[in-house]
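Trainee:
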Amino acid sequence: SGILEAADIANGNITLKGWYLSTVTFYFTDLVWFALAIKLFGYSEWITYVIPGLMAGSLFASCYALGTISGYKKAWALLLFLAFPGAAVSYMLSVAIIHVPTYTYIVISYILIDFYCRRRNRLYLFLSSIIASLTIFSDDITIYLFFLPIALSCFIANENAKDKFVIFSSLVFSYFLFKLILHFTNSADFFYLPGVGSPTFVSYDKLTFNISLLFKGLLI
């Protein structure tokens, strides 16, 4: 359905009016890139293979960039860490409309925060805030992979207090932007997002199935 949504965006329905989505939008992380490809090259099946490959490559490149900011002496270890599970996760990474671009955006945000800590240029934090706000709007897993870790590090890290305050303030600013975007898209002119429902206890016959999903998720 994500490819169809992207095709609709490419055809002019940029607000996805009339669409009933699922738990997250994937709008700025996935859909806009597929929509751009469809707009430039037309609606074709190769897009569902090439674009996810480019996204996976971007994730690996950004992880390598983050891991080598302090130097390349231990780059071989990072390369092995990224390359070794490559065959096992290649199928997952090549699936269209999944969390891969979200991870890339998050890693880029981490890189920008690191640049701020090294160069004291608040432009990096501003860019990080913009990217993070668009990312959390598209995929709320960003809360657990970016917002919470950065917030915790601001309280427990043994770093300059002023820097920690500025970084935490940028985090608050980013979350405010996300809420602002959410407010403006909460109308009939935009898509409808039901989100994740309230947690409930499953019936006994589904217990083993849920346990198997848990172990599969841990293995993946």
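Residue numbers for the sequence shown, in the working numbering: 2 to 221.
Don't be surprised by glycine CBs; every beta carbon is placed ideally from N, CA and C.
1) Does the distance from the C-beta atom of Tyr176 to that of Tyr21 stay below 8 Å?
2) I'd like the list of long-range same chain contacts for Pro195, defined as Cβ closer than 8 Å, with 5 residues on each side in sequence excluded.
3) So, Ser63 versus Ile109, is the Cβ gap smaller than 8 Å?
4) How is Tyr106 classed by DSSP in three states: helix, strand or coil?
5) Report the CB separation of Leu135 from Phe29 in whole angstroms; it is logged as a contact under 8 Å.
6) Check whether the stretch 95 to 104 touches the stretch 136 to 150, taking contact to mean three or more Cβ pairs, one atom from each stretch, closer than 8 Å.
7) Keeping to the same chain, check which residues put their C-beta closer than 6 Å to that of Ala76; ignore five residues upstream and five downstream.
8) Ignore the nearest five residues each way along the sequence and tell me which others in Phe147's own chain have a CB closer than 7 Å to its CB.
9) I'd like the list of long-range same chain contacts for Ala152, defined as Cβ closer than 7 Å, with 5 residues on each side in sequence excluded.
10) By Cβ distance, which residues of its chain are closer than 7 Å to Ala158, with the 5 residues on each side in sequence left out?
11) Need the endpoints of the alpha helix (DSSP H) that Tyr176 sits in, please.
12) For Tyr65, collect the residues of the same chain with a Cβ closer than 8 Å to its Cβ; drop the 5 residues on either side in sequence, then sort them by chain order.
13) When you compare only the Cα positions, how much space is there between Val96 and Ala7?
Mentor: According to the structure data:
1) Cβ atoms of Tyr176 and Tyr21: not closer than 8 Å.
2) Cβ-Cβ distances below 8 Å link Pro195 to Tyr21, Leu22, Ser23 and Thr24 in the same chain, with the five nearest sequence neighbours on each side left out; the list follows chain order.
3) Cβ distance < 8 Å, so Ser63 and Ile109 count as in contact.
4) In this structure, Tyr106 counts as helix in the three-state DSSP scheme.
5) At roughly 4 Å, the Cβ-Cβ gap stays under 8 Å, so Leu135 and Phe29 are in contact.
6) Per the Cβ contact rule, the stretch 95 to 104 is in contact with the stretch 136 to 150 (3 or more Cβ pairs under 8 Å).
7) Taken in chain order, the residues that qualify are Thr69.
8) Excluding sequence neighbours, Phe147 sits near Ile107, Ser110 and Ala133.
9) If the five residues before and after Ala152 are omitted, its C-beta is found closer than 7 Å to the C-beta atoms of Phe169 and Leu172, all from its own chain and listed in chain order.
10) Correct list, in chain order: Lys165.
11) Unbroken alpha helix (DSSP H) run through Tyr176: Ala162 to Phe185.
12) Ala76, Leu79, Leu80 and Leu83, listed in sequence order.
13) Cα-Cα distance, rounded: 15 Å.
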